[in-house]
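Notes for the one structure printed next.
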Amino acid sequence: MTNLIYRKPVKKDSKDIVNIIKECRILDLNSEYLYLLQTTHFKESCCVLENNNKIIGFVSGYYLPEDPKTLFIWQVAVDEQYRGKNLAFSMIKNIIDRREIDFLISTVSPSNISSTKVFEKVAQYFNTKLEKKVLFTKNDFCGFHEDEVQFTIKKEIL
Numbered sequence: 002m003t004n005l006i007y008r009k010p011v012k013k014d015s016k017d018i019v020n021i022i023k024e025c026r027i028l029d030l031n032s033e034y035l036y037l038l039q040t041t042h043f044k045e046s047c048c049v050l051e052n053n054n055k056i057i058g059f060v061s062g063y064y065l066p067e068d069p070k071t072l073f074i075w076q077v078a079v080d081e082q083y084r085g086k087n088l089a090f091s092m093i094k095n096i097i098d099r100r101e102i103d104f105l106i107s108t109v110s111p112s113n114i115s116s117t118k119v120f121e122k123v124a125q126y127f128n129t130k131l132e133k134k135v136l137f138t139k140n141d142f143c144g145f146h147e148d149e150v151q152f153t154i155k156k157e158i159l
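Under this note's numbering, think of the first position of the sequence shown as 2, with each following residue one higher.
Encoded structure:
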């Protein structure tokens, strides 16, 4: 893993991104159209990670329209063979380092332990606390879905 490249996504990445999301069965697979939008309209708040010209990770996010200094991280995915190497954290940090923000927020299902650990690590890295509250209950969804817990990391030194 010596040839890691963190970068903003481009349109041609969308098919690889869809495949990475499919492999992360705990994540909701969105439409291919959405991933095309993320690689074009929302590329400033997304990150792909390449190793030897292969996309091995993706983080999607957006800045809140009503508060452009709040970054919402939507999905975090790393190819299975590269997990456990802090790559998710590094991709999130890559996005944070691009622009001044006051808050980083995300929602995580209680069963998604790996994402919980990533955001705990982000809070720890920036020496601040991770605040949690239920944003969407399982009753807010049409089908079976766990609660979505909003994680908020207030910028101290983000």
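No residue lacks a Cβ here, since even glycine has one placed at the ideal position from N, Cα and C.
Candidates the options, of which the one nearest residue i by Cα
| i | options | result |
| --- | --- | --- |
| PRO66 | VAL77, PHE43 and ASP148 | PHE43 |
| LEU136 | PRO111, VAL119 and ASP17 | PRO111 |
| VAL119 | LYS133, ASN128, ASP103 and ILE93 | ILE93 |
| PHE73 | VAL150, SER107 and LYS86 | SER107 |
| THR41 | VAL123, LYS13 and GLU81 | LYS13 |
| LYS134 | VAL123, ILE154, TYR126 and GLY144 | ILE154 |
| GLN39 | TYR64, ILE27 and ILE57 | TYR64 |
| GLY58 | ASP98, GLU81 and THR117 | GLU81 |
| LEU37 | ARG26, SER91, LYS9 and ASN52 | LYS9 |
Exposure label - residue i; buried when at least 16 CB within 10 Å
| i | result |
| --- | --- |
| LEU159 | Bear in mind that a pLDDT of 46 at LEU159, under 50, signals an unreliable position, so the number given afterwards is only what the model happens to contain. Buried, since its Cβ has 16 or more Cβ neighbours within 10 Å. |
| LEU105 | buried |
| PHE142 | exposed |
| PHE152 | buried |
| VAL11 | exposed |
| TYR34 | exposed |
| PHE145 | exposed |
| GLY62 | buried |
| ASP17 | buried |
DSSP beta-bridge partners of residue i
| i | result |
| --- | --- |
| ASP68 | LEU65 |
| VAL109 | VAL150 |
| GLY58 | LEU50 and VAL79 |
| ILE74 | GLY62 and SER107 |
| LYS155 | PHE104 |
Host beta strand (DSSP E) of residue i (start-end)
| i | result |
| --- | --- |
| ILE6 | 5-8 |
| VAL135 | 131-137 |
Residue range of the alpha helix (DSSP H) that includes residue i
| i | result |
| --- | --- |
| VAL11 | Where VAL11 is concerned, there is no enclosing alpha helix (DSSP H), given that its DSSP letter is neither H nor E. |
| VAL32 | In the sequence as displayed, the identity of residue 32 is Ser instead of Val. It is not in any alpha helix (DSSP H) - SER32 carries neither H nor E in the DSSP assignment. |
| TYR97 | Looking at the sequence itself, residue 97 is Ile, so the reference to Tyr does not match. Taken as a continuous stretch (DSSP letters only), the alpha helix (DSSP H) holding ILE97 covers 88-97. |
| PHE120 | 114-126 |
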